[in-house]
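In the order they appear, the protein sequences are chains A, B and C.
Sequential numbering of the first sequence, starting at 89, is according to our numbering.
Sequential numbering of the second sequence, starting at 7, is according to our numbering.
Sequential numbering of the third sequence, starting at 71, is according to our numbering.
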Amino acid sequence: MSDRIVGAGLILLAAWYGWAAGEYEAPFADPLGPAAFPQLLAPVVAGLGLWLVFRPDPEPDWTGGRVLVLQAVSVGLMLAYALLIVPAGYLLCTTILAAALAALLGARPLPAAASGAAVSVGTYVLFTWGLELSLPGGTLFAGS
Amino acid sequence: MDIVSSLGSGFGVALQPYNLGLAVIGCFLGTVIGALPGIGPVNGIAILIPLAFSLKLTPIESMILLTSVYYGTMFGGRISSILLNIPGDAPAVMTCLDGYPMALKGRAADALAISAISSFVGGTLATIGLTICAPLLASAAIYFGPPEYFALFVLAVVAVGGVGTGNPAKTLIAGILGLVLSTVGIDPASGVPRFTFDSFELYDGIDFVVAAIGLFAISEFLMFLTDREGGQGKRLPVGQIRSSFRDLIFPAATLRSSALGFVIGVLPGAGATMASFLGYTLEKKLSDKDGTFGKGDPRGVAAPEAADNAAAGGNLVPMLTLGIPGSGATAIMLGMLVTLNIQPGPLLFERQPELIWGLVAALYVSNFILLVMNIPLVGVFARLLTIPTRYLMPFVVVVSYVGVYSISNSPFDLLLMTLFGILGFVMRKMGFSMIPLVLGMLLGGPMEQNLRRAMQASGGDWAILVQSPLSVGLHVVSIAMIAAAVTFELRGRRRARAAAAP
Amino acid sequence: MTIRTKLGLALKGALVLGAAFAVSGFAGPKPECIAPAAPGGGWDFTCRTVGRLLQELKIVDRPVQVVNMPGAVGAVAFAHVAENRSKDGNLIVAASSVGMTQIAQRRYPGDADKMRWVGMLGADAGVVLVKADSPYKTLGDLITAMKGNPAVAVTGGSSGAGGYDHLRLLLVARAAGMGAADLRKIRWVQFDGGSTAVTQMLGGHIGVVTTDLGEISGFVESGQVRALAVLTQDRLPGKFANLPTAREQGFDVVGLNWRGFYTGGQVADGDYDKMVAGLKRLYDSPEWKETAQKSGLTPMWSGGKEFEAFARKSVNDLRELSRDIGVIK
């Protein structure tokens, strides 16, 4: 079933992709134009999607329940990290992310927090001092 | 000019204590930078350019530093591929295929040693190639015009079909989706933004590194959550090099891949990733008799590593002789040369022989340093795996994020990376392999652009694609590969049916 | 991919120097130059060279941080500055005629007046090149042949169709009296850089290249290619004095690719003036003259109000031209 859904999804993607490509026009002296290559790919994607609809593999083993919750939580944490890294600063965000992920993997609270802080400070030192790449200091709490 | 005496004086330059010291520093920093996910040769070199400025290095000293960093990152990229299944940089993607399974079997140290040795061989052979026939090769490379490049990229895309494991339709889907993703962003030929949803962040296309790190590192974490709950929390055995030296060298695989990698490296625009990928594919075609490739075959580590290091050396040929960058890394080095008031191009060999030959000698030296430095480090790196996974995995995730962010300064890239992580997880669960996707993303751009260029040159006449013997030859190889794959597939199916029949 | 680097990695000692020579030409504590391209290209060169000289001449007291922000021929950096850094008095962004063409063709999010234009330091000369063994000996030969059949020679350069390299060729053709319909028939192939285009020409894949002289001067000196014309007002000084201009061959076209900088549109007057003064000091130094000449640039100064006016005028001119030729509507 999963394969069939993906196959159908690919057909929809191909339809949109081919249609959207049709909008692109070269302004000047370009015989093939920006639309041709995507329009060449679209039918192939659709064909392979169709193949998947009719010849699906056996259903993969989707683990549900608790694992799904854990995965959703970790993805949520990662997305929040991306959104907060600039305003809240690298050190704070990274400490929380690393500690939380360790806890999700079964570390106890205290070692998880300690490892989070260690990872955060360690990478900060390596990147900002060792490699001279700037990481955001954060503006929420720094006041400037 | 007498190569031996020129090279001799080159070694005179390269072996001066100060230059030697720079090479050692460069090799070490390169290895470390290469091992960090997300920071590859391009950024490694860019990061160290300021060091060259602030130390007030002369052109030859700067080039020694930068090329040793360059070779170092090529060495270092494989470390995280093997240990963590996360490519440290683009060319190391192929090393994941067999390197990580080796590590799972407790042969991490062996895999690291094999890759170090074959990297050394590939790098050294390429440097020999560069020494002997750089000018000759440079003049051959100009016969590759848009139709020939297009044929080469078609061949590469066809070869992608042979990389995946499992359902061939899924391999093709992953590869084609990669090509689809490569069309996102501004179209260089016409300046039209495509599939960008009016977002400036997508104008430059989807960064390959962001996609690859997300697909590999983030999905690895999500996979791990599943495995752990399934009760199979894997604990990798620690590795010491367990095999004898003889079992760590694969002369045939290494030599073949080095030659292939060097040739591909010489062609501007093809690059180390394509080399490592074709090196792996060739080796799999030639010697995968028992179907062990992809399951921890050491030749699957040796071949791509030899090829990508050979390509790194090959890339220097068009850079030094024609002044054209064959890859992102050489583009930066060219920029550096120009900044130092050295005009790369056809006259460089005549005007700056001491620079060229000093540099060539330094390449030999840094290759050797890297080998000597890397073999003892094997144990140290392999011991990384003794860190309990519940601390190691978050560390890997964090380093991946910071690596990507520190380079692009774009939170958008972090979001994109997470989305690719989810995609990678779903793909792995459903039996799609991710490597074709990643390769498709890399190959799609140049494939399309060279097709467009050919058409611009011919005024829209498709015949231009098959007008030179070179492009015809490349297309014939592609067709033969497709035919062979189809025959193989059909025969396998017939045999399966025969076996199923009573 | 964008790459962020800082100058002065190892030697923090520079800080000490900074304290001693506090004669900052720029405003704030961390001068920064955005190169709106990947490392290796012209804008990257501009930032890195100027950044290095600014520090060497002690016009800034801290190393200039060079940030690569490639994308959409400069549009990504332009959008970034307009949105996030429009008041940042520490920031200059490398600019050139190539970027002005993009603005003129409305490929940037906004017009020239969104930024303050600081100054230009030099210009690279446009050249029309053919292979050494080409039958075209003069620009006239080529143009006569193209008038007979616009597709007679495949042309190419480092910009896309309608970009600055392409426009310069079309300018020459237009000056020779070719009409818009014929201009559209000229075959143009885009490559990743001027030197790539020239090597493709050496391989016989294209016949004519128009691009900047600086990047490919090695090929001219080695005699592998012939420069039919340089697109300058007068002949170049120095080693390229023997190259004929298009003007002396009867085609009144000047196609210079100048190198300069803009900064955010809301930068305070005081900061802006300091930047202009700082760049002027750099321009006046013998070090700049030497660096410029070695990399094929002709030193050329314009700054402040004068440069603002120049930038606006050149956008208008390029826009009119692009419309005339039919690159934009």
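For every residue, glycine included, the Cβ atom is placed at its ideal position computed from N, Cα and C.
Quantities reported herein were computed from a predicted structural model and do not represent experimental measurements.
Original post:
Who are the neighbours of R257 of chain C on chain B, taking C-beta pairs under 9 Å?
Top reply: In the third sequence, residue 257 of chain C corresponds to position 187, counting from 1. The answer, in chain order, is Q462, A463, S464 and G465.
Original post:
Can you pull the DSSP bridge partners for D194 of chain C?
Top reply: The residue you call residue 194 of chain C lines up with position 124 of the third sequence. Paired residues: C:N327 and C:L367.
**OP:** Check Q238 of chain B in the structure and name its three-state DSSP category.
**Re:** If you number the second sequence from 1, residue 238 of chain B lands on position 232. Only weak support exists for where Q238 of chain B lies, its pLDDT of 42 falling under 50; the coordinates are left without a value.
**OP:** Say whether chain B places a C-beta atom closer than 9 Å to the C-beta of I99 of chain A.
**Re:** Residue 99 of chain A sits at position 11 when you count from the first residue of the first sequence. So no, I99 of chain A is outside the interface.
Original post:
Who are the Cβ neighbours of P199 of chain A in its own chain at under 8 Å, not counting the five residues just before and after it?
Top reply: For this step, residue 199 of chain A is matched to residue 111 along the first sequence. If we look at P199 of chain A and ignore the five residues flanking it on each side, its Cβ neighbours are A190.
Original post:
What residue range is occupied by the uninterrupted beta strand (DSSP E) comprising N138 of chain C?
Top reply: Along the third sequence, read from residue 1 onward, the residue named residue 138 of chain C stands at position 68. Run containing N138 of chain C: Q135 to N138, per the beta strand (DSSP E) assignment.
Original post:
What first and last residue would you give for the alpha helix (DSSP H) that runs through L187 of chain B?
Top reply: Walking along the second sequence from the start, residue 187 of chain B turns up at place 181. P174 to S188 is the extent of the alpha helix (DSSP H) around L187 of chain B.
**OP:** Name, please, each residue of chain C whose Cβ falls closer than 7 Å to the Cβ of S196 of chain B.
**Re:** Start at 1 with the first residue of the second sequence, and residue 196 of chain B comes out as number 190. What S196 of chain B touches in chain C: G230 and A231.
**OP:** For the beta strand (DSSP E) holding V337 of chain C, just list the boundary residues, first then last.
**Re:** The sequence position of residue 337 of chain C within the third sequence is 267, counting from 1. Looking at the DSSP string, V337 of chain C is not in any beta strand (DSSP E), and its letter there is neither H nor E.
**OP:** Have a look at R241 of chain B and Q270 of chain C and give me their C-alpha separation to the nearest angstrom.
**Re:** In the second sequence, counting from the first residue as 1, residue 241 of chain B sits at position 235. In the third sequence, counting from the first residue as 1, residue 270 of chain C sits at position 200. For R241 of chain B, the predicted structure reports a pLDDT of 48, less than 50, and the residue's modelled location is therefore unreliable. The matter cannot be settled from this model.
Original post:
G409 of chain B and I224 of chain B: beta carbons closer than 9 Å?
Top reply: Within the second sequence, the letter at position 403 stands for residue 409 of chain B. Within the second sequence, the letter at position 218 stands for residue 224 of chain B. Contact: no.
Subject >> In DSSP terms, what Q260 of chain C is bridged to >> reply: Position 190 of the third sequence holds residue 260 of chain C. Its beta-bridge partners are C:G227.
Original post:
Shortest alpha-carbon distance to L142 of chain B belongs to which of B:S74, B:V269 and B:N173?
Top reply: Stepping through the second sequence from its first residue, residue 142 of chain B is reached at position 136. For the residues B:S74, B:V269 and B:N173, the minimum Cα distance to L142 of chain B belongs to B:V269.
**OP:** Could you check if W358 of chain C is buried or exposed, using at least 16 other CB atoms within 10 Å of its CB as the buried criterion?
**Re:** Here residue 358 of chain C corresponds to residue number 288 of the third sequence, with the count starting at 1. By the neighbour-count rule (16 or more Cβ atoms within 10 Å), W358 of chain C is buried.
Original post:
Is any beta-carbon of chain B found at less than 9 Å from that of V197 of chain C?
Top reply: Looking up residue 197 of chain C in the third sequence gives position 127. No, its Cβ sits nowhere closer than 9 Å to a Cβ of chain B.
Original post:
Between the stretch 214-223 of chain B and the stretch 139-153 of chain C, are three or more C-beta pairs nearer than 8 Å?
Top reply: no
Original post:
Shorter than 9 Å from the beta carbon of Y407 of chain B to some beta carbon of chain C?
Top reply: To locate residue 407 of chain B, count along the second sequence from 1; it is residue 401. It does not; no Cβ of chain C falls within 9 Å.
Original post:
Quick one: which chain B residues come within Cβ less than 9 Å of A195 of chain A?
Top reply: By one-based count along the first sequence, residue 195 of chain A stands at place 107. Those are P394, R396, Y397 and P400, listed as they occur along chain B.
**OP:** Could you tell me which uninterrupted alpha helix (DSSP H) segments, each at least 4 residues in length, are contained entirely in the stretch 374-447 of chain B, listed from first to last along the chain?
**Re:** 395-414 and 417-435
Original post:
In terms of DSSP beta bridges, what is P199 of chain B paired with?
Top reply: For the purposes of this step, residue 199 of chain B is taken as residue 193 along the second sequence, with counting starting at 1. In the DSSP output, where bridge partners are listed per residue, P199 of chain B has B:I192.
**OP:** Would you mind telling me which residues of chain A sit closer than 8 Å to N173 of chain B, beta carbon to beta carbon, in chain order?
**Re:** Within the second sequence, the letter at position 167 stands for residue 173 of chain B. Within 8 Å Cβ-Cβ: D145.
**OP:** Throw me the rounded Cβ distance for the G94 of chain B and G82 of chain B pair, which I believe falls under 8 Å.
**Re:** Sequence index remark: in the second sequence, residue 94 of chain B carries index 88 (1-based). Sequence index remark: in the second sequence, residue 82 of chain B carries index 76 (1-based). Right, the Cβ-Cβ distance comes to about 6 Å (below 8 Å), so this counts as a contact.
Original post:
So what's A221 of chain C in DSSP terms, helix, strand or just coil?
Top reply: For this step, residue 221 of chain C is matched to residue 151 along the third sequence. Here A221 of chain C sits in coil by DSSP.
Original post:
What does A316 of chain C touch in chain B if you count any residue whose Cβ is under 7 Å from its own?
Top reply: As a working note, residue 316 of chain C is residue 246 in the third sequence. Those within 7 Å of A316 of chain C in chain B number zero; the least Cβ separation is about 24 Å.
**OP:** Could you check which residue in C:T225, C:N138, C:L123 and C:G112 has the C-alpha nearest to that of S416 of chain B?
**Re:** Here residue 416 of chain B corresponds to residue number 410 of the second sequence, with the count starting at 1. The residue with the shortest Cα to Cα distance from S416 of chain B is C:N138.
Original post:
Any contact of the stretch 178-196 of chain C with the stretch 366-378 of chain C, i.e. 3+ C-beta pairs under 8 Å?
Top reply: yes
**OP:** Measuring only between beta-carbons, confirm whether G277 of chain C sits less than 9 Å from chain A.
**Re:** Position 207 of the third sequence, counted from the first residue, corresponds to residue 277 of chain C. So, not an interface residue.
Subject >> alpha helix (DSSP H) runs contained entirely in the stretch 134-166 of chain B, provided each spans 4 or more residues >> reply: 152-166
Subject >> Within chain B, the residues that G160 of chain A reaches when beta carbons sit closer than 8 Å >> reply: The residue given as residue 160 of chain A occupies position 72 in the first sequence. Note that residue 160 of chain A is Ala in the sequence shown, not Gly. Ordered by position in chain B, no residue passes the 8 Å Cβ test against A160 of chain A, which lies about 10 Å from the chain.
Subject >> Beta-carbon spacing of G320 of chain B, G267 of chain B below 9 Å >> reply: For the purposes of this step, residue 320 of chain B is identified with residue 314 of the second sequence, where counting begins at 1. For the purposes of this step, residue 267 of chain B is identified with residue 261 of the second sequence, where counting begins at 1. Yes.
Original post:
Per the contact definition of three or more C-beta pairs closer than 8 Å, is the stretch 367-384 of chain B in contact with the stretch 68-85 of chain B?
Top reply: yes
Original post:
Can we say the stretch 417-425 of chain B touches the stretch 157-177 of chain B, given the rule of at least three CB pairs closer than 8 Å?
Top reply: no
Subject >> Within chain A, the residues that E95 of chain B reaches when beta carbons sit closer than 7 Å >> reply: Reading the second sequence from its first residue, position 89 is the one you call residue 95 of chain B. Here residue 95 of chain B turns out to be Asp, not Glu, going by the sequence shown. Simply none; closest approach about 15 Å.
**OP:** Use the C-beta contact count for N386 of chain C: other C-beta atoms within 10 angstroms, 16 or more gives buried, fewer gives exposed.
**Re:** Counting from one through the third sequence, the residue named residue 386 of chain C turns up at place 316. Exposed, by the Cβ-count rule.
Original post:
What residues in its chain sit with their C-beta under 7 Å from that of I99 of chain A, if we drop five residues either side in the sequence?
Top reply: Along the first sequence, one-based indexing puts residue 99 of chain A at 11. Closer than 7 Å at Cβ, skipping near neighbours: A134, G137 and L138.
**OP:** Helix, strand or coil for E111 of chain A, going by three-state DSSP, please let me know.
**Re:** Counting from 1 along the first sequence, the entry for residue 111 of chain A is found at position 23. Three-state DSSP puts E111 of chain A in coil, outside helix and strand.
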